[in-house]
Each structure stands twice: as structure tokens, then as C-alpha cells.
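Heads up: the structure comes next, in C-alpha cells.
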Amino acid sequence: MHSPDVVIAGAGITGLTCALELQECGLQVVVVERGSAGREASWAAAGMLAAHDPSNPRQLSPMADLSVALYPALLDRIETLTGLRVPFETHWTLEAAAGWRHHCAMLPALQGAGYRRLPETSVDPRKLVPALRAAATAAGVVVIENSPVRAAYQSGASINVRVPDGTIHAGTFLDCSGAWSAAVSPAKGQMLRVHAPGALASGTVGNVVIRTKGVYLVPRLDGSVVVGATVEDAQFDRSVYEPDLRHLRAEAADLLPALANAPELASWAGLRPDTPDHLPILGQTDARAFVAAGHFRNGILLAPATAHLMMQLMLGMETSVELTAFRPDRFDTVVS
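Counting in the working numbering, the sequence shown runs from 9 upward without gaps.
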């Protein structure tokens, strides 16, 4: 089998972005994916780059700000390597605070509620992740699908990663397997996508994410709107339940009544990789093993920063952001 410098477990947005970053530093990278690349939490995500979401833990702010700053370069690099352009789908977010009175005619539920306008963008993960995989492959990364990691153990100067087809001997192992990583648990989220009425899709609201405590609305460039999302402790259940979708639609219609009867285009459930403190796990777990997992609701947002920081950490460089809050051993007393 392959004998790369780095084996990464997980071909979601975190694993693929880390792979591209490390490959372009001169390392040979192999990514092994338990199923199909990019079809777990990354595929289910709404794609908000919500660096200013007040529900984010405060320790996340420096990393979130770094990631937002790195995003344009990542998208440019993808386009350079593949010719695939991944646009920002929106450029603003409306969130509970004062402002935007001139849109109240379209958003009656916002009258007097107090909303603030934030310079936050969003991407469509279903465009981004396939393009990112293509970019990683173009850069020389090898992606092996349907290849779950059975074991990873050190042997002399290498680490052996056992997969169904054999054992990969590598210099370093990086676990980016999301909800399947140690100390990470799945947090189910159901959501749906509806066709926005023409007046909404073509107007200012069609370019703005609306985020409240109970629901978010994320417009797409194709005229649809993603409505999400539940947060459930349902283990690895991906079932979609009509009562939950009706509740999400009702929350959306409270903000935009025109969405009450908007045709449903799709519904799905994803598994967010959660941790006890809702912060990611980033760091070294053994002499030749590292982890980057547990990004909860912010995997799309944090992907560029995660890749940059893990590259710095794995190459023995000083990291751009202090990683103490994300140490893998912070849960040792919890899980022992």
C-alpha cells in the first residue's frame, strides 16, 4: 500500500482542507474515508461563516476571525487548481439586534424585534466540498473512499494505519473523522430546503442570512432557501421526521410568511461532531498522532484556520492562534 508522510482519517471539509494544506507544504498525504468523501456533516451543513454568532463559545473568536480572513485565499486556490469557482452565496446576516427597518414590510416578524446587520458570508458546502476534493487531488493528495480506519499504532519511526485493504505505513496520522473521533459525539440536525418565492429570491432578502435563536434561513444563488435546524441527541440516527420539519417551516414563516407554502425541494439530517464544551479538539495525541475534530456547528467556518493551525502544529511551528482551549487531553477526567 501507500507509504505517505501523513495519513488523514476523514474526507470531510476538515480532512480535505488539512490534506491540501499539508500537501502544498511538500508532504505526501493520503486521506482515508469510511464512506464517501464529503457526504457526512459537511454535506448536511448550511454553510454559514458565522464568526459573530453569539452562541459560539468566546474561546472560538480568534480562530473564527483567522478562518474568515483565510477563506478568500482558499477559494482562489481551489479555482487555480481546478478551474472551479466556489462563490460566496450571501454577504450579510441579520441577527437579533437593531437595524434594517426598511425591510420590515417583507419581514413583519422583525418589526420592533431589534436586528443587527453583520458582514458575514456563506458558502454552499455542496459546491465547496467536491471542488475542494478536486483541488486536493490536483495537488497530489490521494483520497481512498470506503476505507474506515480499523487501528492506528506506532511502530518504530512510523505509524501503521490499518484499513480494510491492508496497512498504510506513514510518518504521521491525523484524525479528522468528526463524530467518529474520540471524545466527540453526534448532534443530529434536521433541515430542509425550499423554493423561495420570486420576490424574495430576487430582492435584498435573497442575499441575506436571517438568524434567530430558533431558526436560520440561508439563501442560495439558485433561488432556494435552506431552513435549519434541529439540535438533537439521537446518536447516529439520520432519520427525518415530518413534525420536526413542520416546526422549522413554521419558525421560518414567522419571519417570512411567504415561505409558509413554499415548495419543499429536499430535507435531510446530518450529524454535527460535538464535544462537551462545544469547542473543537485540535492537537497532538501521541508521538506521531494528531487530531482535528469536534467542530460542532462551525466545521465549514473553521476549515481554513484548522488546516493552517494543524499544519503549523505538525511541522513544529508556532501557531497563529493559542490552542490551549482546544487541547485533546482536556476531557481526560470526563471520559476516564
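The beta carbon of each residue, even a glycine, is placed where N, CA and C say it ideally should be.
DSSP-derived helix/strand/coil call for residue i
i: residue 316; result: helix
i: residue 85; result: helix
i: residue 17; result: strand
i: residue 112; result: In this prediction, residue 112 has a pLDDT of 43, which is less than 50 and means its spatial position is unreliable; what the coordinates show is noted afterwards. Three-state result, residue 112: coil.
i: residue 332; result: helix
i: residue 149; result: coil
i: residue 35; result: coil
i: residue 166; result: strand
Delimiting residues of the beta strand (DSSP E) encompassing residue i
i: residue 43; result: First-last for residue 43: undefined, no H or E at that position.
i: residue 301; result: 297 to 301
i: residue 163; result: 159 to 163
i: residue 234; result: 232 to 236
i: residue 327; result: Unbroken run through residue 327: none, as it is neither H nor E.
i: residue 272; result: 272 to 282
Classification of residue i by the beta-carbon crowding that lies within 10 angstroms, buried from 16 upward
i: residue 303; result: buried
i: residue 31; result: buried
i: residue 66; result: exposed
i: residue 189; result: buried
i: residue 162; result: exposed
i: residue 61; result: buried
i: residue 282; result: buried
Cutoff 7 Å; reference residue i; Cβ partners in own chain excluding five residues on either side
i: residue 129; result: 57, 96, 98 and 99
i: residue 334; result: 287, 288, 289, 290 and 291
i: residue 270; result: 202, 203, 204 and 205
Other residues of its chain near residue i: CB distance less than 6 Å, five sequence neighbours each side excluded
i: residue 297; result: 181
N- and C-terminal bounds of the alpha helix (DSSP H) containing residue i
i: residue 23; result: 21 to 31
i: residue 261; result: 250 to 263
Rounded distance between the beta-carbons of residue j and residue i, thought under 8 Å
i: residue 35; j: residue 13; result: 4 Å
i: residue 202; j: residue 232; result: 7 Å
i: residue 19; j: residue 41; result: 4 Å
i: residue 52; j: residue 278; result: 2 Å
i: residue 10; j: residue 39; result: Rounded, the Cβ-Cβ distance is 11 Å, inconsistent with contact.
8 Å Cβ shell around residue i - same chain, five flanking residues per side excluded
i: residue 89; result: 142, 143, 146 and 147
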